[in-house]
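Protein chains in written order, with the numbering used here: chain A, 225 to 338; chain B, 4 to 94; chain C, 9 to 257. Please read the structure below before turning to the comments.
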Amino acid sequence: MSYLPYAVAAWICLVGIAGIATSRNLIHLAICLTVTQSSSYVLLLSVGYVKHGKAPIFLGTKLGTPAVDPVVQALTLTDIVVSVAVIALILALALDAHRLSGTIDPDDLADISG
Amino acid sequence: MLLATLVPLQAVAFGLVALGAPLVVLTRDPLRQALVNGIYGVSLVCLFVVLEAPDPALSMLAVSGIGYPLVILAAVARSRSHERTKDDEKR
Amino acid sequence: MSRRVRLLLLGPALLGLGALLAWAIAGLPAFGDYRGPYGFVLNRIVAPLRHTTNVVMGTTFDVRGIDTMGEEFILYAAVVGVTLLLRDETRSRQAERRTRRFGNDTVRLVGVGMVGGGLLIGLWLMAFGYITPGGGFQGGVIAAGAIVLLYLVGSHRDYRPFRDERFLDPLEGIGAGGYVVVGLAALASGAAFLTNLFGLGTPGMLRSGGSIPVLNWASAIAVTVAMLLLFAEFLETYVVPLEPEDAAS
Numbered sequence: 225m226s227y228l229p230y231a232v233a234a235w236i237c238l239v240g241i242a243g244i245a246t247s248r249n250l251i252h253l254a255i256c257l258t259v260t261q262s263s264s265y266v267l268l269l270s271v272g273y274v275k276h277g278k279a280p281i282f283l284g285t286k287l288g289t290p291a292v293d294p295v296v297q298a299l300t301l302t303d304i305v306v307s308v309a310v311i312a313l314i315l316a317l318a319l320d321a322h323r324l325s326g327t328i329d330p331d332d333l334a335d336i337s338g
Numbered sequence: 004m005l006l007a008t009l010v011p012l013q014a015v016a017f018g019l020v021a022l023g024a025p026l027v028v029l030t031r032d033p034l035r036q037a038l039v040n041g042i043y044g045v046s047l048v049c050l051f052v053v054l055e056a057p058d059p060a061l062s063m064l065a066v067s068g069i070g071y072p073l074v075i076l077a078a079v080a081r082s083r084s085h086e087r088t089k090d091d092e093k094r
Numbered sequence: 009m010s011r012r013v014r015l016l017l018l019g020p021a022l023l024g025l026g027a028l029l030a031w032a033i034a035g036l037p038a039f040g041d042y043r044g045p046y047g048f049v050l051n052r053i054v055a056p057l058r059h060t061t062n063v064v065m066g067t068t069f070d071v072r073g074i075d076t077m078g079e080e081f082i083l084y085a086a087v088v089g090v091t092l093l094l095r096d097e098t099r100s101r102q103a104e105r106r107t108r109r110f111g112n113d114t115v116r117l118v119g120v121g122m123v124g125g126g127l128l129i130g131l132w133l134m135a136f137g138y139i140t141p142g143g144g145f146q147g148g149v150i151a152a153g154a155i156v157l158l159y160l161v162g163s164h165r166d167y168r169p170f171r172d173e174r175f176l177d178p179l180e181g182i183g184a185g186g187y188v189v190v191g192l193a194a195l196a197s198g199a200a201f202l203t204n205l206f207g208l209g210t211p212g213m214l215r216s217g218g219s220i221p222v223l224n225w226a227s228a229i230a231v232t233v234a235m236l237l238l239f240a241e242f243l244e245t246y247v248v249p250l251e252p253e254d255a256a257s
């Protein structure tokens with residue numbers, strides 16, 4: 225029985241959400257969002273791990289040696305690269321808000337009008 | 004109960020990642036946070052390698068070393084030029 | 009709601025979420041005790057079926073090819089969003105007036121070496137992605153980073169050809185659209201979408217995996233150009249000198 229990996233993933237998720245809620249700077253908020261995203265990667269890869277399994281690359285290794293799950297690795301690797309573009313979009317929105325309202329503090333942004 | 008089937012290397016890797024996440028969140032200045040995020044990314048790469056996942060490790064290495072610092076630093080630079088524009092307008 | 013109310017709500021909300029997560033984790037199998045059938049099935053069949061030795065890449069571009077197409081469109085949509093928000097036509101004319109060189113010679117020397125090395129590593133990861141660990145996504149980010157390094161160690165004039173929108177925008181479309189074209193070609197020939205059209209080569213050589221190399225290169229081009237576009241859009245206004253008519257926008 226061992227649940228440390230899943231506990232670590234849950235802990236990272238909660239830490240990231242706490243950072244987003246208490247943030248005073250929109251760029252800091254975007255980086256806390258990346259921390260929360262990384263918790264999902266840790267969870268996915270921990271679920272796919274096979275005890276004494278090798279990496280799922282079969283160049284030179286015999287077919288049939290126990291290997292870890294390739295599906296979760298495929299999910300994780302495309303997600304990591306796409307998240308850069310999504311964070312860039314969030315930062316672009318933050319910069320636009322900064323330019324229009326003059327403040328980068330999410331609490332003060334609620335007061336702009338027009 | 005929590006640690007029974009983990010190899011010590013894996014336990015240390017998970018511990019480093021669990022230590023790094025609050026450090027990233029607690030750094031308030033975005034410029035410094037970009038650097039701490041890069042170090043947290045390297046600890047994630049070590050974790051992915053220990054979990055026998057070379058492809059996600061390569062992705063995380065490229066992204067946390069090149070992708071995130073690129074967009075974060077460019078955003079910080081641009082927000083500072085907005086501040087400078089505003090100061091020039093006030094004067 | 010004000011900041012104080014939000015912070016007061018945060019504690020109980022995090023506790024509730026933590027309790028839900030703990031309940032969910034208690035239902036998972038233990039770490040290392042993998043039970044699901046798909047991992048075992050894929051590890052057995054993808055290498056002989058598609059002649060690729062990197063089962064993860066075979067899953068990404070063949071067994072699970074439609075999801076990767078969706079992810080590429082997420083990338084494309086995010087880049088279009090950033091472009092719409094940040095691109096400003098009137099400022100790009102004046103952008104090249106200030107070209108400042110980085111002062112330290114050692115950094116420039118090391119950087120120049122890293123540009124060529126990084127580009128080669130990126131291209132190698134892209135080309136051999138379906139044989140050894142690597143692929144279009146990883147290689148694309150590294151190659152884009154090597155090109156942006158030109159901006160850091162050279163002057164803006166050295167980097168300017170890679171920032172030209174007339175050159176980057178069509179390439180991004182080719183990368184994202186190429187993926188769909190390969191799938192539609194399979195559809196046009198009577199088989200299902202994204203069915204393998206090309207011959208499977210020998211595993212371990214560059215010509216293997218059927219249509220996986222084509223999809224791999226399409227996504228590599230899409231990711232590289234997307235990273236270059238993102239950096240170009242963010243950096244556009246920073247080098248514009250501040251003049252009175254610019255500041256009053």
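Backbone N, C-alpha and C fix where the C-beta goes; we use that ideal spot for every residue, glycine too.
Query                                                                                                                                                                  : Result
Any beta-carbon of chain C closer than 8 Å to the one on B/VAL74?                                                                                                      : yes
Let's see if you can read the secondary structure: which residues bound the alpha helix (DSSP H) around A/ASN249?                                                      : Premise fails: A/ASN249 is in no alpha helix (DSSP H) and is neither H nor E.
Using 8 Å as the threshold, is the C-beta distance between A/VAL266 and B/LEU19 below it?                                                                              : no
When DSSP labels each residue in this structure, what does A/ILE281 get in the three-state scheme?                                                                     : strand
If you measure between the beta carbons of A/SER270 and A/GLY240, is that distance less than 8 Å?                                                                      : no
Expressed to the nearest angstrom, what Euclidean distance is found between the alpha-carbon atoms of C/MET77 and C/LEU160?                                            : 33 Å
I'd like the ranges of any beta strand (DSSP E) spanning at least 3 consecutive residues and lying wholly in the region 134 to 203 of chain C.                         : none
For C/GLY217 versus A/LEU283, is the C-beta spacing smaller than 8 Å?                                                                                                  : no
Per DSSP, what kind of secondary structure is A/ALA298 in: helix, strand or coil?                                                                                      : helix
So A/VAL305 packs on B/VAL27, CB below 8 Å; how close in whole Å?                                                                                                      : Their Cβ separation, rounded to whole angstroms, is 20 Å, which puts A/VAL305 and B/VAL27 out of contact at 8 Å.
Measure the CB-CB distance between C/GLY26 and A/LEU238 and report whether it falls below 8 Å.                                                                         : yes
In the DSSP assignment, what residue or residues form a beta bridge with A/ALA175?                                                                                     : Since the first residue shown for chain A is 225 and the last is 338, residue 175 of chain A is missing from the structure and cannot be characterised.
Please state whether DSSP places C/SER100 in a helix, a strand or coil.                                                                                                : Only weak support exists for where C/SER100 lies, its pLDDT of 49 falling under 50; the coordinates are left without a value.
In whole angstroms, what is the alpha-carbon distance linking C/TRP225 and C/ALA135?                                                                                   : 8 Å
Which residues in the same chain as C/PHE81 place their Cβ atom closer than 7 Å to its Cβ, once the five residues preceding and following it in sequence are excluded? : ALA184
With DSSP run on the structure shown, which of helix, strand or coil describes C/ASN224?                                                                               : helix
Is it buried or exposed, A/VAL292, if we count other Cβ atoms within 10 angstroms and call 16 or more buried?                                                          : buried
Please list the residues of the region 283 to 317 of chain A that have a C-beta atom closer than 7 Å to any C-beta atom in chain B, keeping them in chain order.       : VAL292, GLN297, THR300, LEU301, ILE304, VAL305, VAL308, ILE311, ALA312, LEU315
State the beta-bridge partners of A/ALA291 as determined by DSSP.                                                                                                      : A/LYS278
My understanding is that A/VAL295 touches C/THR67, with C-beta atoms under 8 Å, so please give their C-beta distance in whole angstroms.                               : 6 Å
Please classify C/TRP31: is it buried, with 16 or more other beta-carbons within 10 angstroms of its beta-carbon, or exposed?                                          : exposed
What separation, rounded to the nearest whole angstrom, lies between the Cα atoms of A/ASP320 and A/LEU333?                                                            : 12 Å
Taking 8 Å as the CB-CB limit, is B/ASP91 close to chain A?                                                                                                            : no
When Cβ atoms are compared, which residues of the region 35 to 54 of chain C fall closer than 8 Å to chain A?                                                          : LEU36, ALA38, PHE39, GLY40, ASP41, TYR42, GLY44, TYR46, GLY47, LEU50, ASN51, ARG52, VAL54
With burial defined as no fewer than 16 other Cβ atoms inside 10 Å of the residue's Cβ, what is the status of A/THR258: buried or exposed?                             : buried
Kindly indicate if chain B contains any beta-carbon less than 8 Å away from that of C/PRO56.                                                                           : no
Interface residues of chain C around A/ILE281 at Cβ under 9 Å?                                                                                                         : THR61, ASN62, VAL63, VAL64, ILE139, THR140, PRO141
Kindly list, in the order they appear in chain B, the residues whose Cβ is closer than 7 Å to that of C/VAL156.                                                        : LEU73
Between the region 63 to 93 of chain C and chain A, which residues of the former have a C-beta closer than 7 Å to a C-beta of the latter?                              : VAL63, VAL64, THR67, THR68, ARG72, THR76, GLU79, ILE82, LEU83, ALA86, VAL87, GLY89, VAL90, LEU93
Note down the Cα distance separating A/ILE314 from B/SER62, rounded to an integer number of angstroms.                                                                 : 21 Å
Of all the CB atoms in chain F, is at least one closer than 8 Å to the CB of C/MET235?                                                                                 : Note that chain F does not occur in the displayed structure, where the protein chains are A, B and C.
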